[in-house]
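Chains as they are written, first to last, in my numbering: chain L, 1 to 285; chain E, 286 to 552. All residues carry an ideal CB built from backbone N, CA and C; glycine is no exception. Predicted model only: the values in this text are computed from it and were never measured.
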Amino acid sequence: MGSVNATTPPSTHRNIVPAFRTFAAITGSGFRRYSTYRQATVAGAFTNTVFGFLRTYVLLAVAAGTATGLAGGYDREQLATFVWAGQGLLAVVALWGSTELADRIRTGDVASDLLRPVHPVTMYLAADLGRAWHAVLTRFVPPVLTGLLFFDVYLPRQWFTGPLFVVSAALAVMLCFACRYLVNSVAYWLTDIRGPMLAWLVGSGVLGGLFFPLRFLPEQFMVALWVATPFPSMLQTPLDVLVERDPPALRCGIVALQAMWVMLLLACCAVVQRRAERRLVIQGG
Amino acid sequence: MADRPRPYLALLRGQASAQASYRISFAIDLGTNVVATMLDVLTVLVLFRVTKALGGFTLREAMVMVGLTAFAFAAADLMVGNIERVKLYVNTGRLDAVLVRPLGVLPQLLLMDIPIRKAARSVFGATVLAVALASAGIDWTAARVGLVAFALAGGVLFFGSIFVATASVAFWWIESGEIGNAFTYGGREFTTYPINIYSGWFRRVFAYGLGFGFVAYYPALALLGRTDPLGLPGWVGYAAPGVSIVVAAVAAAVWRVGVRHYRSTGS
Chain L
1 MGSVNATTPP STHRNIVPAF RTFAAITGSG FRRYSTYRQA TVAGAFTNTV FGFLRTYVLL
61 AVAAGTATGL AGGYDREQLA TFVWAGQGLL AVVALWGSTE LADRIRTGDV ASDLLRPVHP
121 VTMYLAADLG RAWHAVLTRF VPPVLTGLLF FDVYLPRQWF TGPLFVVSAA LAVMLCFACR
181 YLVNSVAYWL TDIRGPMLAW LVGSGVLGGL FFPLRFLPEQ FMVALWVATP FPSMLQTPLD
241 VLVERDPPAL RCGIVALQAM WVMLLLACCA VVQRRAERRL VIQGG
Chain E
286 MADRPRPYLA LLRGQASAQA SYRISFAIDL GTNVVATMLD VLTVLVLFRV TKALGGFTLR
346 EAMVMVGLTA FAFAAADLMV GNIERVKLYV NTGRLDAVLV RPLGVLPQLL LMDIPIRKAA
406 RSVFGATVLA VALASAGIDW TAARVGLVAF ALAGGVLFFG SIFVATASVA FWWIESGEIG
466 NAFTYGGREF TTYPINIYSG WFRRVFAYGL GFGFVAYYPA LALLGRTDPL GLPGWVGYAA
526 PGVSIVVAAV AAAVWRVGVR HYRSTGS
């Protein structure tokens with residue numbers, strides 16, 4: 001974990017343990033930070049739950065209106081699981097995360113992030129993983145339990161679905177973090193990111209599979225979307241893994257695709273960060 | 286009294302120049318807004334790609350509800366949607382600055398954003414509604430023409446009241462976060478579709494308890510000349526928009542009590 005700013009020389013010791021400890025400490029602080037926002041957590045879980053009801057009823061009505069009773073290849077129970085797990089996962093990946101980094105860039109507070117002996121991408125990622133873990137406990141569990149209580153939901157039947165879902169969800173968290181980091185970093189160049197942020201909010205929701213499963217779209221368009229953009233990998237992939245929509249090989253394939261996107265976009269974050277720091281110096285800020 | 290709107294115009298001009306100074310961001314914002322407006326309607330079209338009917342309503346029939354909702358929500362958002370920000374102002378204590386000015390609290394908050402992009406949404410909503418009404422095969426009578434106007438006015442008032450009422454929660458519950466979205470955006474989602482697709486207590490609470498069923502569903506039934514699968518008589522459709530007057534009165538009361546209840550952050 002090398003330093004990147006001009007004021008500190010690169011770290012000389014190669015021992016991984018301190019770096020790991022730092023990462024874990026920042027993750028813990030991210031968890032603790034979000035555990036203090038109790039009212040907002042309850043409000044968020046409540047809203048996700050209301051939308052869970054709305055979307056389940058709509059998708060069940062869609063399935064009821066088809067000749068086969070299947071909508072996009074999902075049966076009624078799979079649709080219910082898709083919606084309720086999706087409402088929980090939405091908060092875990094923080095699809096609509098904050099503009100905190102952009103605000104810090106705008107106000108100049110980001111300068112103090114750059115002085116720390118941890119790479120900013122690493123630091124923000126660690127804190128975001130802490131937030132995600134907090135969300136698993138407080139934002140994922142309530143909607144999923146509500147779904148279990150009020151609807152017939154699909155429960156996974158194959159043993160490896162559980163572990164694969166966990167891997168896929170973890171990849172989705174990192175992927176979504178990388179995307180938000182990139183959108184926020186636009187502030188280095190534009191200062192105001194209202195426009196890009198709105199574009200991200202709109203695009204990620206509809207192309208990620210939140211509003212309707214992407215399988216409802218024409219086949220070729222859907223495949224192109226999946227391969228060429230990171231959006232389906234943020235929600236649709238973990239949800240399809242969970243409801244066992246595809247044969248096992250294909251499920252492993254889409255998770256591998258997710259992993260590829262994570263590596264690609266985290267690398268992008270590092271590159272953008274390096275260029276942004278040069279930009280910040282030029283600005284004299 | 287002649288120059289009363291002038292301070293408000295100055296606020297609006299200030300906002301406009303502040304936002305337009307970040308030109309690229311502003312342009313992306315405008316472009317995305319147009320896309321976002323279409324998305325709700327596109328979602329319905331995607332659903333109807335998969336199914337022939339939703340709750341027994343065809344695409345042409347359902348589009349009447351979609352259009353009524355799209356326009357009413359967009360117009361309400363245009364007029365009072367900014368009030369969502371009150372939670373930010375309460376949270377940071379910035380509401381103090383708003384309260385000490387010799388201007389109304391509500392109008393000031395509403396002028397904290399420029400309305401161009403939301404105006405575009407309203408225009409799109411109106412277009413969807415016009416197309417839907419033209420293609421639904423409605424048997425036009427004088428009463429039905431009047432009902433369209435009544436339903437639109439009622440819908441705008443209804444969603445506007447929901448915006449105000451849910452934003453007022455912030456006065457009591459500082460970190461209210463997303464709770465308002467459940468009723469504003471959630472309400473829009475609810476009224477977009479025929480309410481007979483929902484069931485049990487959930488439908489009773491949203492459709493009748495909170496009144497969302499009377500925004501688009503019942504007026505649309507009356508326009509289409511269909512009987513209610515849930516069993517309410519036909520005249521309900523013509524009276525439905527009147528519900529919004531009650532909702533507006535409640536919202537206004539909640540807002541007034543809320544502003545009086547406001548205490549600064551104390552920092």
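- Item | Those residues which DSSP pairs with E:Leu388 across a bridge | In DSSP, E:Leu388 forms no bridge with anything.
- Task: Go to E:His546, then tell me how far its alpha helix (DSSP H) extends in each direction, as first and last residue.
- Result: Val528 to His546
- Query: Nearest-angstrom Cα distance between E:Ala305 and L:Ile105?
  - Reply: 19 Å
- Closest to E:Leu515 by CA distance: which of E:Gly498, E:Ile423, E:Tyr307 and E:Leu508 is it? E:Gly498
- Candidates E:Arg406, E:Ala536 and E:Trp520: which alpha carbon is nearest E:Gly352's? E:Arg406
- Message: I'd like to know if L:Pro18 contacts chain E, where contact means its C-beta is closer than 8 Å to some C-beta of that chain.
- Response: no
- Message: Short of 7 Å in beta carbon distance, which residues of its chain neighbour L:Cys176, apart from the five on each side in sequence? Order them along the chain.
- Response: Val93, Ala94, Leu95 and Met234
- Query: Who are the near neighbours of L:Ala126 in its chain, counting only those whose CB is closer than 6 Å to its CB and skipping five residues on each side?
  - Reply: Phe23, Ile26 and Thr27
- Item | Ranges of the alpha helix (DSSP H) found wholly within the segment 158-191 of chain L, counting only runs of at least 4 | 161-185 and 187-190
- Mind listing the chain L neighbours of E:Ile309? Cutoff is C-beta to C-beta under 8 Å, in chain order. Leu190 and Gly195
- E:Gly471 touches chain A at which residues, Cβ-Cβ below 8 Å? Looking at the structure shown, chain A is missing, and the protein chains on hand are L and E.
- Residues sharing a beta bridge with E:Leu339, DSSP: E:Phe342
- Query: Is the number of C-beta pairs between the segment 464-481 of chain E and the segment 384-393 of chain E that are closer than 8 Å three or more?
  - Reply: no
- Task: With 8 Å as the threshold, decide whether the Cβ of E:Tyr478 is near any Cβ in chain L.
- Result: yes
- Candidates L:Met263, L:Tyr154 and L:Ala135: closest to L:Arg33 by CA position: L:Ala135
- Ordered along the chain, which non-local residues of its own chain (more than five positions away) have a Cβ less than 6 Å from that of E:Ala455? Val371, Lys372, Val375 and Ser461
- Would you call the segment 179-189 of chain L and the segment 267-274 of chain L touching, i.e. three or more CB-CB distances under 8 Å? yes
- Task: May I have the straight-line CA-CA distance separating L:Leu210 from L:Glu244, to the nearest angstrom?
- Result: 18 Å
- Task: Just list the alpha helix (DSSP H) runs in the segment 352-431 of chain E, keeping only unbroken ones of 4 residues or longer that don't cross its boundaries, in chain order.
- Result: 371-377, 380-385, 390-395 and 401-420
- Message: Within 8 Å, do at least three Cβ pairs link the segment 311-329 of chain E to the segment 194-205 of chain L?
- Response: yes
- If the cut is a Cβ gap below 8 Å, which residues of chain E does L:Thr66 touch? Val335, Thr336 and Lys337
- Message: Any beta carbon from chain L within less than 8 Å of E:Tyr547's own beta carbon?
- Response: no
- Item | Beta-carbon neighbours of L:Gln78, restricted to chain E and to distances below 9 Å | Those do not exist, as L:Gln78 stays about 14 Å from chain E at its closest Cβ, beyond 9 Å.
- Start-to-end residues for the alpha helix (DSSP H) that takes in L:Glu77: Arg76 to Val93
- Item | Exposure of L:Val272, with buried meaning 16 or more beta-carbon neighbours within 10 Å | buried
- Go to E:Ser302, then tell me how far its alpha helix (DSSP H) extends in each direction, as first and last residue. Arg291 to Ala305
- For my contact list, E:Gly527 and E:Gly465 are in at a C-beta cut-off of 8 Å; report their separation, rounded to the angstrom. Not quite, the Cβ-Cβ distance comes to about 25 Å (not below 8 Å), so this is no contact.
- Query: Is E:Gly485 helix, strand or coil when you go by DSSP?
  - Reply: helix
- Item | L:Ala199: contacting residues in chain E (beta-carbon distance under 7 Å) | Ile313 and Thr317
- Message: Here's the rule: buried if 16 or more other CB atoms are within 10 angstroms of the residue's CB, otherwise exposed. What is L:Glu100?
- Response: exposed
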